[in-house]
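Protein chains: 2
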Amino acid sequence: MVGAAIGGRLASLGHQVKMGSRHAGNEKALEWVKKNGTNATEGAFADAAAFGEIVFNCTSGGASLEALKQAGAQNLKGKVLIDIANPLDMSKGMPPTLSVCNNDSLGEQIQRQFPEAKVVKTLNTLTCSLMVNPSLLKGEHDVFMSGNDPGAKAQVSDILKGFGWKNVIDLGDITTARGTEMFLPLWIRLYGALQTPNFNVHIAR
Amino acid sequence: MVGAAIGGRLASLGHQVKMGSRHAGNEKALEWVKKNGTNATEGAFADAAAFGEIVFNCTSGGASLEALKQAGAQNLKGKVLIDIANPLDMSKGMPPTLSVCNNDSLGEQIQRQFPEAKVVKTLNTLTCSLMVNPSLLKGEHDVFMSGNDPGAKAQVSDILKGFGWKNVIDLGDITTARGTEMFLPLWIRLYGALQTPNFNVHIAR
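For the protein sequence lines, the chains are A and B, in the order given.
Numbered per my numbering, the first sequence spans residues 49 to 253.
Numbered per my numbering, the second sequence spans residues 49 to 253.
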């Protein structure tokens, strides 16, 4: 769902997008290609990673490290790797817990496993329709960004502005991904209390 | 600091407030009494807990269970116990980690240890000057509440409205305290990025 939303929005903005899956010819990926015109193609994770100048990790958090291994370190080398995944663990029932938190994060794990990629964690604090269309909510609201490379964060900030984001808050290096990943338990309780995923935080000052 | 802010605001609103410390006659408590007029008195934790119809836990998270033990289960029995503490662990350096999170919370630990108290977790997501004076920030912003007892939450909501809060979001039972306590790592990174503790979240919908 996240990949389809992000990829669809990028294609509609004129970017060429290759959706990666475990195997080329994935049924949902082919549907997505059909819907999104000539800018949209699909392939295996390694095909998508090799194709992209910028790579989005939209896999589920528990599968991200394995999916990125299939994508291939050599295909990620030197590239901006935008990580949107959250390490949600549903195996112990609902609501989910985090499989990593407090003194580490998925964003840091990915950066450690792929030291030559420029990992930027962002967009992981809200539902996918809002990621690519923030104007669906009334009033101001904010998106966060964590990463070690200032140039990579500047590129990501431009992409976010292209999606319609006005307030992009740079939290600092990739260790600050602990903050946004650990926001998920509050997000999940807010979803329960508000009975809708269509909300986001604004930092009032 | 949190106790002085909360207690001072309550005294100024006409409530009688007894500040508890490890021992009666604590120097900072005596200073606070001097500042806050005839509604303000001080004593040991047990004195304060016996005195109050409603009890606020404003101790540091790592000391809360011990302080409440000194306050005494019999003095907390049947009362609303408003828990504002966060289980921050500074022993491993900065930024702090949480000493409990993910599958438990300090709010739940307190509720389990004092099953006859009505624990309501609130105000733990912002700095103390804003807790008691939310109008210091421009625009709308929100405070959260977690607890098992609807009547206790209604009382807490009234107290919060007395402090000036317009948006009180009831997240659900005390397990939802995991959400607000796990927000602290993001709060800490925002404090670093914004270079001020004077901010709070608003949930845009």
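Ideal Cβ positions, reconstructed from N, Cα and C, are used throughout, including at glycine.
Check: Using the beta-carbon of each residue, which ones in chain B are nearer than 7 Å to T224(A)?
Finding: R237
Next item on the list: Kindly list, in the order they appear in chain B, the residues whose Cβ is closer than 9 Å to that of E188(A).
Entry: G187, H250 and A252
Margin query: Given this structure, state the Cα-to-Cα distance separating P245(B) from T175(B), to the nearest angstrom.
Written below: 6 Å
Next item on the list: State the start and end residues of the unbroken beta strand (DSSP E) segment that holds K66(A).
Entry: V65 to S69
Next item on the list: Check each candidate in I236(B), G240(B) and V249(B) and name the one with the smallest Cα separation from I217(B).
Entry: V249(B)
Notebook entry, point to check: Taking the continuous beta strand (DSSP E) assigned at E101(B), which residues delimit it?
Noted result: Neither: E101(B) is in no beta strand (DSSP E) and is coded neither H nor E.
Item checked: Test: P233(B) CB closer than 8 Å to a CB of chain A -> yes
Check: Quick one: any contact between the region 113 to 126 of chain B and the region 185 to 195 of chain B, if contact means 3 or more CB pairs under 8 Å?
Finding: no
Margin query: Counting only Cβ-Cβ distances shorter than 8 Å, please list the residues of the region 150 to 163 of chain A near chain B, keeping chain order.
Written below: N150 and N151
Checklist line | Residue burial classification, K169(B) (beta-carbon count within 10 angstroms, cutoff 16) | finding: buried
Next item on the list: Can you tell me which of the three DSSP states V168(A) falls into?
Entry: strand
Checklist line | Through-space distance from N172(A) to E156(A), alpha-carbon basis | finding: 14 Å
Note to self: I need the straight-line Cα distance from E79(B) to S177(B), nearest angstrom please.
What the structure shows: 18 Å
Margin query: For a test of the three-state rule: what should DSSP assign to E156(A), helix, strand or coil?
Written below: helix
Next item on the list: Assuming L154(A) contacts E229(A) (C-beta within less than 8 Å), just tell me the rounded distance between them.
Entry: 6 Å
Notebook entry, point to check: In this structure, what does DSSP give as the bridge partners for L136(A)?
Noted result: L146(A)
Notebook entry, point to check: Just the Cα atoms here: how many angstroms apart are K125(B) and Q161(B)?
Noted result: 11 Å
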